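Residues 1 to 524, numbered by this note's numbering, are exactly what the sequence shown covers, in order.
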Amino acid sequence: MVESGGTGRPRPDNEQSAEHPATPASPATDPAQTPDPGTPGPATPDTEPAPTTSETPTPSEAASAEAAPAEGGDAPQGPSAPGDDDHCAAGPNGDDKSETETRSETRSEAGAGTGTGAGQPAPPAPAPTLPKGPPPQRPPEQPRGGLLMGRPFGVPVYVAPSWFLVAALITWVFGNQLDRVLPELGALRYLVSLFFAVAFYASVLIHELAHTIAALRFKLPVRRIQLQFFGGVSEIEKEAETPGREFWLAFVGPLLSLVLAGVFYLAMQPVEPGTVPGVLLAGLMISNLIVAIFNLLPGLPLDGGRMLRAVVWKLTGKPMNGTIAAAWVGRALAVSVLIGLPLLTQSGALGSSAEDSVGMDTVTDALLAAILAAIIWTGAGNSLRMARLREHLPELRARTLTRRAVPVETHTPLSEALRRANDAGARALVVVDAHGEPLSLVREAAIVGVPEHRRPWVAVSGLAQDLTDGMRVSAELAGEDLLDVLRATPATEYLVVEETGEIFGVLSAADVERAFVKAMARPS
C-alpha cells in the first residue's frame, strides 16, 4: 500500500524542549502555586504543524482543553488586579519597598545565603554570583525516520526500520511462490525474492517522487519522503491552494504506477516465460498495477480520497466539505477491506482455490486485512482532525495572544521588577539596556523557581534568556505563519514587536499551546 500526500496536518508533532515549562505561571502569580500540567501542542518547538501526510499523528485534543485558561484579547491587560499579588512585589517582611531601598537591602544582604529582613545588615562575606538560569539549548533533533538514502531534488529520502521487516516478509512470501514456478532455483529463490522486494520499493519511491515533483512544481515545500511499512509517504508541508492542484498532486502518483506497470509489461514481451527475468518482470508489473488501483480507491488517506476531496471542494467551494466526504468514504472503505478481503480470498476470487486458502494463509489474510483497515480508518480520522485544525489556525494571532511587558534594566531585583509589572497590569518582563534596547526575556519557569524571600536578592538578568533574531516575532503574524516562526526557533518566550521595531509585548509558548487546544476543542 502506498500512502502519499494526504490532506495535510501539522506534525505535531511530540518531544518537548526541556526548557519549556509545563504551564508557566505568570510573573504576577504566587510562587507557591504549582503550574498546571501543559498539553503538548503545535506551539512547542517540536509540535509543529505538520507536513501533509496521510498517517502522521495529529495534535492531541486533550480532555483538559475545557479547563485551559482563556488566551485571547485580554492578555495585554494582565490577569489580576495588582492588589491581589502585592505579596510578590514586597520585601522579605511583606512591606513594599522603593527601588532605592531594595538595592540597599541587596547590598547589605549579599553573602547571607537567606533573607535576613529589610534593612538588617548581614555578616561580611564575599558576594556570591547571582544565580544564572541554564543557557538556552535547542532541543535535540527529532528522529528523521530511519536511514537516509539520498536527496533527489533536494528532498531527503529515508528508509524506516519497518521496511526491513516488510522486505523480509516479501522475500519469504515471494520465495515460496518461486518454488512452485522455478523449483530448480533451490535456496537461490530467496535471493531472487530479495531483489524483487528492493525493485518493488524502488517503484514505490518513483510513485512518491511523482508527488514530490508535482508539489515542488506548485511551490509546495516537501519535508521528506519515507519508505516504510505498507509503502511510502511524501510529507508535503502545505496544502494545495486550489482543488485543481490538489487533484493533480494526488493523481500523479497512481499515474506513475500505471506507467511503470505498462513499462514492465512491454519489457516482458521479448523475455521467455518461466525464466527468472520473466517472473520478476511479471511480478513487478502486477505489483505496480495493484498499487495504482488501490491508491485510486476514493477514500482518505489514499490518493483517490484526495482526488475525491478535490472534486467535492470544486463543486461546493469549501475544502472542509471535500475532506468530510472523502474521510467518511475512507472509513467505509476500511470496513470493506476488513470484511471483504478475507471473504474474497476464501472464495477464490483472487486466483487461489478455496481449498488452498486454509490454515496459516487464512490467518495471514485476516491479519493483512486488519492492518490495512486500521491504517485507512486512522488516516481518514486524522484527515478530519487536520482539516479542523487548519480551519481554526487563523484564530491564533500573535497580537491577541501577547502579554503586556514591562522593560527593566539588567540589575533590577526580581521583587522590584514584579512590583512594576503588577502596578502596570503586565505579565512579562523584558530586560533592556541603558538605551531601552531589548537584550533578553525573563523566563517564567525561572521566576517560579525563585522563593519569595530570595526575590529581592536576585537580579532579573540571572533569570533571562538572551534574545536571538528568531525570538523576535512580528505582531502581525497569525495562523500557520506564526507557528512556522515559533517552530523555527524553539523557546519558551518570544519578543513581539511592531513593524516599527517598537516593543509590543511577550508571547509565551504556553499561551499558544492553550489557545491551540481550545481552538481544536471547539466544533467546526
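Positions of the beta carbon are idealized from the N, C-alpha and C atoms, including for glycine. Values in this document were obtained by computation on a predicted structure and should not be read as measured data.
In three-state DSSP terms, what is R427? Here residue 427 corresponds to residue number 427 of the sequence shown, with the count starting at 1. Residue state, collapsed to three classes: coil.
Between A32 and the rest of its own chain, which residues show a CB-CB distance below 7 Å, the 5 nearest in sequence each way excluded? By 1-based counting over the sequence shown, the position of residue 32 is 32. In this prediction, A32 has a pLDDT of 36, which is less than 50 and means its spatial position is unreliable; what the coordinates show is noted afterwards. Excluding residues within five positions, none has a Cβ falling inside 7 Å.
Specify the secondary structure class of F229 as computed by DSSP and reduced to three states. Numbered from its first residue, the sequence shown carries residue 229 at position 229. Here F229 sits in coil by DSSP.
Can you find a heavy atom of the ligand ATP that lies under 6 Å from the Cβ of L284? The ligand content of the structure shown is nil, which means the ligand ATP is not present either.
Roughly how many angstroms lie between the CA atoms of Y494 and P394, to the nearest whole one? By 1-based counting over the sequence shown, the position of residue 494 is 494. By 1-based counting over the sequence shown, the position of residue 394 is 394. About 19 Å.
8 Å Cβ shell around D179 - same chain, five flanking residues per side excluded: Translated into positions along the sequence shown, residue 179 becomes position 179. Result list for D179: L185, R189, in chain order.
Between the Cα of E409 and those of V460, E502, F218, spot the shortest distance and give me the residue it belongs to. The residue you call residue 409 lines up with position 409 of the sequence shown. Per the Cα distances, V460.
Please report the straight-line C-alpha distance between N288 and L258, rounded to a whole angstrom. Along the sequence shown, read from residue 1 onward, the residue named residue 288 stands at position 288. Along the sequence shown, read from residue 1 onward, the residue named residue 258 stands at position 258. Computed Cα separation, rounded: 7 Å.
Take R309 and list the residues in its own chain whose beta-carbon comes closer than 6 Å to its own, dropping the five residues that flank it on each side. In the sequence shown, counting from the first residue as 1, residue 309 sits at position 309. Excluding residues within five positions, the ones whose Cβ falls inside 6 Å are G322, T323, A326.
Can the beta-carbon of F294 be found closer than 7 Å to that of T402? Start at 1 with the first residue of the sequence shown, and residue 294 comes out as number 294. Start at 1 with the first residue of the sequence shown, and residue 402 comes out as number 402. No, the Cβ-Cβ distance between F294 and T402 is not below 7 Å.
Distance, Cα to Cα, Q269 vs L260? Reading the sequence shown from its first residue, position 269 is the one you call residue 269. Reading the sequence shown from its first residue, position 260 is the one you call residue 260. Approximately 15 Å, taken between the alpha carbons.
Let me make sure I understand the geometry here. Which of H392, R388, L296, F174 has the alpha-carbon closest to that of P254? The residue you call residue 254 lines up with position 254 of the sequence shown. It is L296.
Would you kindly report the start and end of the unbroken beta strand (DSSP E) that includes R472? As a working note, residue 472 is residue 472 in the sequence shown. R472 -> beta strand (DSSP E) spans 472-474.
Identify whether V433 lies in helix, strand or coil by the three-state DSSP scheme. For this step, residue 433 is matched to residue 433 along the sequence shown. Just to set this straight, residue 433 is Asp in the shown sequence, not Val. D433 falls in the coil class under three-state DSSP.
A127 by DSSP, collapsed to three states: which one? The sequence position of residue 127 within the sequence shown is 127, counting from 1. Residue placement at A127 is flagged as unreliable, the pLDDT there being 35, under the threshold of 50; the coordinate-derived value follows with that caveat. It is coil, neither helix nor strand.
Would you mind stating whether L169 and Y201 have Cβ atoms separated by less than 7 Å? Here residue 169 corresponds to residue number 169 of the sequence shown, with the count starting at 1. Here residue 201 corresponds to residue number 201 of the sequence shown, with the count starting at 1. No, the pair does not count as a contact, with Cβ atoms beyond the cut-off.
Is the stretch 430-443 in contact with the stretch 460-477, if contact means three or more CB pairs nearer than 8 Å? yes
Enclosing beta strand (DSSP E) for D469 [first to last residue]: Counting from one through the sequence shown, the residue named residue 469 turns up at place 469. Premise fails: D469 is in no beta strand (DSSP E) and is neither H nor E.
Give me the Cα-Cα distance between P161 and L148, rounded to the nearest whole angstrom. Within the sequence shown, the letter at position 161 stands for residue 161. Within the sequence shown, the letter at position 148 stands for residue 148. Their backbone Cα atoms lie some 11 Å apart in a straight line.
Just to confirm my understanding: we take V181, look at its own chain, exclude 5 residues before and 5 after, and list those with CB closer than 8 Å. What are they? Along the sequence shown, read from residue 1 onward, the residue named residue 181 stands at position 181. Around V181: G274, V279.
Cβ neighbours of L256 in the same chain (closer than 7 Å, five flanking residues each side left out): Along the sequence shown, read from residue 1 onward, the residue named residue 256 stands at position 256. Result list for L256: I206, H207, A210, in chain order.
Taking G330 as part of the alpha helix (DSSP H), name the residues at either end of that continuous run. If you number the sequence shown from 1, residue 330 lands on position 330. That run of the alpha helix (DSSP H) goes 319-347.
Can you tell me whether DSSP reads E493 as helix, strand or coil? The count along the sequence shown starts at 1 and reaches residue 493 at position 493. It is a strand residue.
Buried or exposed: which applies to G305, given that a residue is buried once 16 or more other Cβ atoms fall within 10 Å of its Cβ? Start at 1 with the first residue of the sequence shown, and residue 305 comes out as number 305. So G305 ends up on the buried side.
Hey, M285 and E391 are a contact pair by Cβ (cut 8 Å); roughly how many whole angstroms apart? Along the sequence shown, read from residue 1 onward, the residue named residue 285 stands at position 285. Along the sequence shown, read from residue 1 onward, the residue named residue 391 stands at position 391. Not really, about 43 Å apart at Cβ, beyond 8 Å.
Contained alpha helix (DSSP H) runs [length at least 4] in the stretch 175-221, N- to C-terminal order: 189-217
Could you please give the first and the last residue of the uninterrupted beta strand (DSSP E) stretch that includes E504? Along the sequence shown, one-based indexing puts residue 504 at 504. Checking the displayed sequence, the identity of residue 504 turns out to be Phe instead of Glu. 503-508 is the extent of the beta strand (DSSP E) around F504.
With a threshold of 16 other CB atoms inside 10 Å of the CB of D511, please say whether the residue is buried or exposed. For this step, residue 511 is matched to residue 511 along the sequence shown. With 16 or more Cβ atoms within 10 Å of its Cβ, D511 is classed as buried.
Who are the Cβ neighbours of V155 in its own chain at under 7 Å, not counting the five residues just before and after it? Stepping through the sequence shown from its first residue, residue 155 is reached at position 155. Answer for V155: T212, V222, R224, I225, listed in chain order.
Buried versus exposed, by CB contacts within 10 Å (16 or more), S347: Numbered from its first residue, the sequence shown carries residue 347 at position 347. Exposed, because fewer than 16 other Cβ atoms sit within 10 Å of the Cβ of S347.
Three-state class that DSSP yields for P270 in the structure shown: For the purposes of this step, residue 270 is taken as residue 270 along the sequence shown, with counting starting at 1. Note: P270 maps to coil in three-state DSSP.
Hey, L338 and A380: beta-carbon distance below 7 Å or not? Working through the sequence shown from its first residue, we reach residue 338 at position 338. Working through the sequence shown from its first residue, we reach residue 380 at position 380. For L338 and A380, no; Cβs fall outside 7 Å.
Out of P456, L281, L372, which one is the CA nearest neighbour of L266? Taking the first residue of the sequence shown as 1, we reach residue 266 at position 266. The shortest Cα separation from L266 among P456, L281, L372 belongs to L281.
Look at the Cβ atom of V448, then the Cβ atom of V473, and state whether they are nearer than 7 Å. Within the sequence shown, the letter at position 448 stands for residue 448. Within the sequence shown, the letter at position 473 stands for residue 473. Not in contact: V448 and V473 (Cβ atoms no closer than 7 Å).
What does DSSP give as the partner residues of P243 in its beta bridges? Here residue 243 is taken as the residue at index 243 of the sequence shown, counted from 1. Paired residue(s): none; P243 is not in a bridge.
Classification of T412 by the beta-carbon crowding that lies within 10 angstroms, buried from 16 upward: Position 412 of the sequence shown, counted from the start, is the residue given in the question as residue 412. Buried is the call here.
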